[in-house]
Every structure is written in C-alpha cells, then in structure tokens.
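A.B. asks: Residues in the sequence shown are numbered from 125 upward in steps of one, following my numbering. Note that the Cβ used here is the ideal one computed from N, Cα and C, for glycine as well. Just passing along the structure, written as structure tokens.
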Amino acid sequence: MEVRFNVAGRIAKPVHEVFEAVANPEHLSHFFTTGGAKGRIETGATVMWDFHDFPGAFPVWIEEVIPDEKIVLRWQAAEGTISSTEDGSNAMTTVEMTFTPLEDDRTLVEIIEYGWDDSEQGYEAAFGNCVGWTGMLAAMKAWLEYGINLREGFYV
Numbered sequence: 125m126e127v128r129f130n131v132a133g134r135i136a137k138p139v140h141e142v143f144e145a146v147a148n149p150e151h152l153s154h155f156f157t158t159g160g161a162k163g164r165i166e167t168g169a170t171v172m173w174d175f176h177d178f179p180g181a182f183p184v185w186i187e188e189v190i191p192d193e194k195i196v197l198r199w200q201a202a203e204g205t206i207s208s209t210e211d212g213s214n215a216m217t218t219v220e221m222t223f224t225p226l227e228d229d230r231t232l233v234e235i236i237e238y239g240w241d242d243s244e245q246g247y248e249a250a251f252g253n254c255v256g257w258t259g260m261l262a263a264m265k266a267w268l269e270y271g272i273n274l275r276e277g278f279y280v
C-alpha cells in the first residue's frame, strides 16, 4: 500500500495571489518558512527552506511548476521512513500542490504527499507532515485574508 495523504483548503483570494504566496520566497517566509525561504519556486530549481521549529535550512527540489496551477517538489524524508535507497541518503517524498480557481474568486489549494514506506515509521512521518501541511494551509489563509501570522511564536 502506498502511504500518502491529501489535505485541502479554500482561500478567499484569486488563484494568482495564492500561487505567488507559495512560489515567491518573500511571501512564503511571512507565513510558513519561519526561518526564511531562499529561491523562487520554478521548474528545475533547488530552493532552501528554514523553520525556527525545525532549525537548519534544507534543500527542496522543484520538479515541475505550471504557474497558477501546480507545483511538484521533492524533499528529504525523515531517516528510516523510506527504504528505497541503500543508505537512505536519497530517500525523498514527493509533494504535489494544485491551485484551482473557484467561481467566487476563491482558490482551492490541494496538497498531496507520498513516498514513505508502508511501516510504522513511514506512517508516523506521513502523519507529521500531514499536520504540517494542514498548518501551512491555515497559516496561508490567515496571512492572505487577514494579514495574521499564525506561526509566529506557535512552535517556539
């Protein structure tokens, strides 16, 4: 069985504005990457994300970008949650974000992540990331709609 999850939320902003909130590192740093983001999300790019609650910047490999529609990225999985490589050094999960404009000028954002082992460690890592992406969607909604940073002081 493939270990994966899907989270989604609606944001009361046009699709371009919501897409840019993720693709533009200055915007992403306001509500998600509390330690900062470096590099614009574009196909083939490697960007760096840093979080105060998970210190130490790490690379995020951007596989595909369709502006205002889709972002596919890969990043390092937690150690021991993927056995697809001998030493685990290249063990990564895949994240797919889609941005769908709705008739009322809102945007539906869906995030799917997959690639963990069908194991207790894989499930724990997937559940942890599911919580993280759900928090990201809530924080993005609060930031874009109300200018409130939900993550500030939340984890540290």
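Would you mind sorting Gly246 into buried or exposed? The rule is 16 or more other CB atoms within 10 Å of its CB.
C.D. replies: As a first step, residue 246 must be located in the sequence shown, where it is residue number 122. So Gly246 counts as buried.
A.B. asks: Tell me which residue opens and which closes the beta strand (DSSP E) that Leu232 is part of.
C.D. replies: Stepping through the sequence shown from its first residue, residue 232 is reached at position 108. Residues 231 to 240.
A.B. asks: Check this for me: beta carbons of Thr167 and Ile186, under 8 angstroms apart or not?
C.D. replies: Within the sequence shown, numbered from 1, the residue matching residue 167 stands at position 43. Within the sequence shown, numbered from 1, the residue matching residue 186 stands at position 62. Yes, the Cβ-Cβ distance between Thr167 and Ile186 is below 8 angstroms.
A.B. asks: Would Arg128 pass as a contact of Ile236 if the rule is Cβ separation under 8 angstroms?
C.D. replies: Translated into the one-based positions of the sequence shown, residue 128 becomes position 4. Translated into the one-based positions of the sequence shown, residue 236 becomes position 112. Cβ atoms of Arg128 and Ile236: closer than 8 angstroms.
A.B. asks: Grouping DSSP H, G and I as helix and E and B as strand, with all else coil, what is Lys265?
C.D. replies: For this step, residue 265 is matched to residue 141 along the sequence shown. Reduced to three states, the DSSP call for Lys265 is helix.
A.B. asks: Which residue wins for smallest C-alpha separation from Pro149, given the options Glu141, Gly180, Pro191, Arg164?
C.D. replies: Here residue 149 refers to the residue found at position 25 when the sequence shown is read from its first residue. Here the closest residue by C-alpha is Arg164.
A.B. asks: Going by alpha carbons, who is nearest to Ala169 out of Thr258, Tyr238, Asp228, Arg198?
C.D. replies: For this step, residue 169 is matched to residue 45 along the sequence shown. Checked all of Thr258, Tyr238, Asp228, Arg198; the closest Cα to Ala169 is Arg198.
A.B. asks: At a threshold of 7 angstroms, does Gly160 count as lining the ligand ATP (C-beta to nearest heavy atom)?
C.D. replies: The ligand content of the structure shown is nil, which means the ligand ATP is not present either.
A.B. asks: What's the gap between the Cα of Gly212 and the Cα of Leu268?
C.D. replies: In the sequence shown, the residue the question calls residue 212 occupies position 88. In the sequence shown, the residue the question calls residue 268 occupies position 144. Since pLDDT at Gly212 reaches only 49, below the 50 mark, its modelled position is unreliable, and no value is offered.
A.B. asks: Determine the burial state of Asn130: buried for a count of at least 16 other Cβ atoms within 10 Å of its Cβ, exposed for fewer.
C.D. replies: Position 6 of the sequence shown, counted from the start, is the residue given in the question as residue 130. Asn130 is exposed by the Cβ-count criterion.
A.B. asks: In the DSSP assignment, what are the bridge partners of Asn253?
C.D. replies: One-based indexing of the sequence shown puts residue 253 at position 129. Asn253 pairs with nothing; no bridge assigned.
A.B. asks: If I measure Cβ to Cβ from Phe175 and keep anything under 7 angstroms in the same chain, skipping five residues before and after, which residues do I get?
C.D. replies: In the sequence shown, counting from the first residue as 1, residue 175 sits at position 51. Correct list, in chain order: Thr157, Thr158, Gly159.
A.B. asks: Phe178: which of Asn253, Lys265, Glu141 sits nearest, CA to CA?
C.D. replies: Here residue 178 refers to the residue found at position 54 of the sequence shown. Ranking the options by Cα distance to Phe178, first place goes to Asn253.
A.B. asks: Compute the beta-carbon to beta-carbon distance between Tyr238 and Glu126, rounded to the nearest angstrom, for a pair I have assumed lies under 8 angstroms.
C.D. replies: In the sequence shown, residue 238 corresponds to position 114, counting from 1. In the sequence shown, residue 126 corresponds to position 2, counting from 1. Tyr238 to Glu126, Cβ: 6 angstroms. Contact.
A.B. asks: Measure from the alpha carbon of Ala147 to the alpha carbon of each residue in Ala250, Trp173, Ala132, then state which is nearest.
C.D. replies: For the purposes of this step, residue 147 is taken as residue 23 along the sequence shown, with counting starting at 1. Nearest option by C-alpha distance: Trp173.
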